[in-house]
Amino acid sequence: MSEHLLVFPERDDADEVAEELREEGFTEVRVIRQPLAGEDDAESDEWAVYVREANVADESGAVASGLKDRFEATVEERGGWYDPEPEPRYDP
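Under our numbering, the first residue of the sequence shown is numbered 74, with each subsequent residue one higher.
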């Protein structure tokens with residue numbers, strides 16, 4: 074299993090990326106609110122796309138590496154950042 078977190082400053086970007094990934098058939102794709110450390114104002118929160126793919130058995134293999142490269146490029150294009158090892162607190 075492979076888990077990823079793509080974080081964007083704007084919710085619209087997160088929603089668009091999540092929709093694209095859902096259409097591609099990833100196992101699980103969710104948009105979640107990502108609070109900024111030290112910020113109490115919800116309006117300063119960022120938006121994250123949590124992605125889980127059950128069909129990636131080897132985290133060090135070519136498929137996992139390709140996903141990481143792709144997700145890094147996606148967030149860079151939209152001014153966000155990528156977390157290749159999200160903590161398991163992103164459950165619904």
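Just so it is clear, CB atoms sit at the ideal spot from N, CA and C, and this is done for glycine as well. A quick note: this is a predicted structure, and the numbers were derived from the prediction, not measured.
Here DSSP, grouped into helix, strand and coil, assigns E150 to helix. Taking C-beta atoms as the reference points, V122 and V90 count as a pair closer than 8 Å. Between the beta-carbon of F81 and that of E126 there is about 19 Å, and that puts the pair past the 8 Å contact cut. Rounded to the nearest whole angstrom, the C-alpha separation of G139 and V129 is 11 Å.
The three-state secondary structure of A91, taken from DSSP, is helix.
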